[in-house]
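Visitor: There's a structure below that I have some questions on.
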Amino acid sequence: MTATILSTEIDGWIVRYRIPERSGLFRVSVLLHGLTGDEKSMWIFASRVPADNLVISPRGLYPSPMGGFSWYPPSSRPWPKSEDFRAAIEALRALLSPRNFSMGDFSRITLIGFSQGAALAYLYALRFPEQVERVIGLAGFLPEDAITLTDGKPLAGVRAFIAHGNRDTVVPLHMARRTIEVLTQLGARVTYCEENVGHKLSAGCFRGLQSFFKA
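Just so we're aligned: 1379 in our numbering is position 157 of the sequence shown, and the numbers increase by one with no gaps anywhere.
This is the structure:
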């Protein structure tokens, strides 16, 4: 037997998901694509997610002017603010529910985001830290104003994996390093992988991601 991969529409969401081959209640990993992506864009990372996880990959809520989809409406600002993701965060919270996926254990989930999707993953973890076990940001960033949204250490107990290329011209390296500082300040245990690539995940960090899941 093999895992079952399905696509569906739920409350306006287009979602691709993978159900493990055995029966039971499964831990949940969520794939969040970057700008111009869709529900299939992140599927390459599903192979690094443990086989016994329910994998959920939703399509962004907003059509992008450049094609594909986005997690917030078009804006003239060069970088989004945390507020821009509010609607996506609340909608994602409603989607990630046993009502929609009865086979999923949503008590402690893993979020895996690329670029803009990483920003959504980080902000979701800040908004609902009690629901997040791990947050993974690939070539991503945290909006600069995010540190003002909370105090204390809301991410205590949350494990984070951040991967970035030092030749990334889309999301500058300093934004990844600043994200590490902020997440650490907020209590997360951060693992960082930096390699000599552009706006993508390197082979070495790909292996690091797999090791992160096993730790």
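Just so you know, even glycine gets a beta-carbon here, dropped at the ideal spot from N, CA and C.
Are there three or more Cβ pairs, one per stretch, closer than 8 Å when the segment 1300-1308 is compared with the segment 1253-1273?
Guide: The answer is no - the segment 1253-1273 does not touch the segment 1300-1308, with fewer than three Cβ pairs under 8 Å.
Visitor: Take Y1414 and list the residues in its own chain whose beta-carbon comes closer than 7 Å to its own, dropping the five residues that flank it on each side.
Guide: Correct list, in chain order: I1384 and I1402.
Visitor: Going by beta carbon distance, what residues of the same chain come within less than 7 Å of K1375, once the five residues before and after it are set aside?
Guide: Cβ within range, chain order: L1408 and G1409.
Visitor: Return helix, strand or coil for M1223, following the three-state DSSP convention.
Guide: The pLDDT assigned to M1223 is 48, lower than 50, so where the model puts this residue is not dependable; a value taken from the coordinates is nonetheless given after this. Correct three-state label for M1223: coil.
Visitor: With the cut-off set at 7 Å, would you say I1369 and Y1346 are in Cβ contact?
Guide: No. Outside cutoff.
Visitor: Can you give me the start and stop residues for the beta strand (DSSP E) that A1437 sits inside?
Guide: A1437 -> no beta strand (DSSP E), and no H or E assigned at all.
Visitor: Is the separation between the beta-carbon of G1326 and that of V1237 shorter than 7 Å?
Guide: No, the Cβ-Cβ distance between G1326 and V1237 is not below 7 Å.
Visitor: Measure from the alpha carbon of A1378 to the alpha carbon of each residue in E1366, I1358, E1352 and F1307, then state which is nearest.
Guide: Of the candidates E1366, I1358, E1352 and F1307, the one whose C-alpha sits nearest the C-alpha of A1378 is E1352.
Visitor: Taking the beta strand (DSSP E) that R1240 falls in, what are its first and last residues?
Guide: Its beta strand (DSSP E) spans residues W1235 to I1241.
Visitor: Quick one: residues in its chain with C-beta nearer than 7 Å to the C-beta of M1427, no 5 flanking neighbours on either side, listed in chain order?
Guide: Residue identity differs from the one stated: residue 1427 is Cys in this sequence, not Met. Here the set comprises A1385, C1415 and E1417.
Visitor: Taking the alpha carbon of V1393 as the point to measure from, which residue in K1422, V1404 and R1381 has its own alpha carbon closest?
Guide: Checking every option, the nearest Cα to that of V1393 belongs to K1422.
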